[in-house]
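Protein chains in written order, with our numbering: chain A, 33 to 228; chain B, 455 to 652.
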């Protein structure tokens with residue numbers, strides 16, 4: 033099959049445009065998929081320690097510059113985000129959840145609700161989370177947090193009217209080994225109770 | 455036979471498409487930190503302009519519920535301040551104190567949000583941070599100037615880019631700590647200074 037010259041140019045142009053679109057599509061997909069490589073996963077909790085080191089990979093740098101975050105150094109703190117409950121179902125604002133201890137060893141930790149874009153949810157409790165210092169504990173040092181739109185006794189967090197939200201567990205000066213996959217048993221359990 | 459021919463004819467074009475896609479993908483990922491319009495440095499610069507602070511320390515307003523805050527994914531338990539620096543002409547000096555109890559994190563970022571140095575209150579000397587930031591030439595000049603004389607008080611740090619920001623975060627374990635930490639951070643100093651004359 034012989035091509036006339038203009039048909040060749042036409043094909044080359046088509047290839048250039050298709051390549052450009054495909055390449056940009058791949059960039060958008062990869063930047064939406066997380067923060068590059070080497071994620072730590074413990075049940076529903078995911079952290080990206082690679083964003084907190086000076087020689088972070090190009091994907092981590094690209095994502096951080098796009099979202100506008102200033103991640104903490106890896107040895108300062110590590111943020112674990114959960115978008116699902118412990119069974120793997122997405123967190124839903126219409127449902128009640130129970131968060132129970134343990135929490136990994138750290139000098140301090142905070143556990144709170146965040147919007148998917150990293151902002152704070154408006155909610156009737158006036159609270160976004162608890163810290164290792166101000167949470168109410170059992171006699172044995174354990175804790176439980178009720179996550180519900182309706183008032184609860186004890187530690188209570190509310191997603192307000194939002195359906196979509198995430199949980200953020202932030203560990204400051206943790207002894208957690210960031211080179212190995214953490215044990216999910218050392219992280220808080222997120223159990224779904226009832227849904228409205 | 456005919457189908458195989460058509461496939462062979464199509465294959466080089468498909469390969470060319472994939473190669474262009476791969477190049478576009480790599481280039482766009484690598485360029486993102488330079489091109490991203492709303493990176494952390496840009497957000498902080500905008501915020502500083504809005505609050506009318508031209509240089510020195512910028513206290514960050516605590517995020518209110520239902521808002522995005524100055525930077526996304528910040529722990530709301532932090533009391534925060536930022537120093538936007540430009541060391542292209544003169545080196546930069548940062549002084550801050552901790553309270554010996556709460557968690558303090560001092561992080562150094564290049565534009566684009568890449569962290570290049572991070573310390574906590576555990577490495578503060580007598581509860582104080584005293585850090586000089588400069589490019590290689592400035593740090594060398596300082597080293598030459600203080601040869602043999604008084605022992606060095608401060609930590610000297612070489613910055614990879616001439617612009618960037620330092621983030622001071624103090625963790626308020628309880629809400630009652632907030633005011634006291636804000637006072638402490640307000641007293642932090644960051645400013646350019648002249649190199650000693652040779």
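Note that beta-carbon positions come from the ideal geometry of N, C-alpha and C, so glycine has one too. Quick caveat: nothing in here was measured; it's all calculated off a predicted structure.
Asked, Found
"Contact residues within the segment 553–585 of chain B, judged by C-beta distance below 7 Å to chain A", "557, 559, 561, 563, 566, 567, 568, 569, 570, 572 and 574"
"Range covered by the alpha helix (DSSP H) that runs through residue 95 (chain A)", "90–99"
"For residue 207 (chain A), the first and last residue of its enclosing beta strand (DSSP E)", "Looking at the DSSP string, residue 207 (chain A) is not in any beta strand (DSSP E), and its letter there is neither H nor E."
"Closest by C-alpha distance to residue 513 (chain B), when choosing among B:504, B:584 and B:614", "B:504"
"Min CB distance residue 97 (chain A) to chain B below 7 Å", "yes"
"Ordered list of beta strand (DSSP E) runs contained in the segment 490–537 of chain B, each at least 3 residues", "511–514"
"Contacts that residue 479 (chain B) makes with chain A (C-beta to C-beta distance below 7 Å)", "55, 58 and 59"
"Segment limits, beta strand (DSSP E) that includes residue 541 (chain B)", "It is not in any beta strand (DSSP E) - residue 541 (chain B) carries neither H nor E in the DSSP assignment."
"is_contact[residue 211 (chain A), chain B] using C-beta, thresh 7 Å", "no"
"As assigned by DSSP and simplified to three states, the class of residue 37 (chain A)", "helix"
"Residue 471 (chain B) at chain A interface by Cβ criterion, 7 Å", "yes"
"Within chain A, the residues that residue 588 (chain B) reaches when beta carbons sit closer than 8 Å", "Result: empty, since nearest Cβ-Cβ is about 17 Å, beyond 8 Å."
"Contacts that residue 166 (chain A) makes with chain B (C-beta to C-beta distance below 7 Å)", "627 and 628"
"Residue-level contact to chain B via CB, residue 67 (chain A), 7 Å cutoff", "no"
"The segment 520–540 of chain B: positions lying closer than 7 Å to chain A by Cβ", "520, 521, 522, 523, 525, 526, 527, 529, 530 and 531"
"Beta-carbon proximity of residue 656 (chain B) to residue 94 (chain A), cut-off 7 Å", "Summary: the structure shown does not reach residue 656 (chain B), with chain B confined to residues 455 through 652, and so no result is reported for it."
"C-beta neighbour in chain B for residue 52 (chain A), strict 7 Å", "yes"
"Closest by C-alpha distance to residue 69 (chain A), when choosing among A:218, A:228 and A:85", "A:85"
"Residue 595 (chain B), enclosing alpha helix (DSSP H) - first and last residue", "590–599"
"Separation of residue 110 (chain A) from residue 182 (chain A), as counted between CA atoms", "31 Å"
"Stretch-stretch touch, CB-based, cutoff 8 Å, three pairs: the segment 193–206 of chain A with the segment 116–131 of chain A", "yes"
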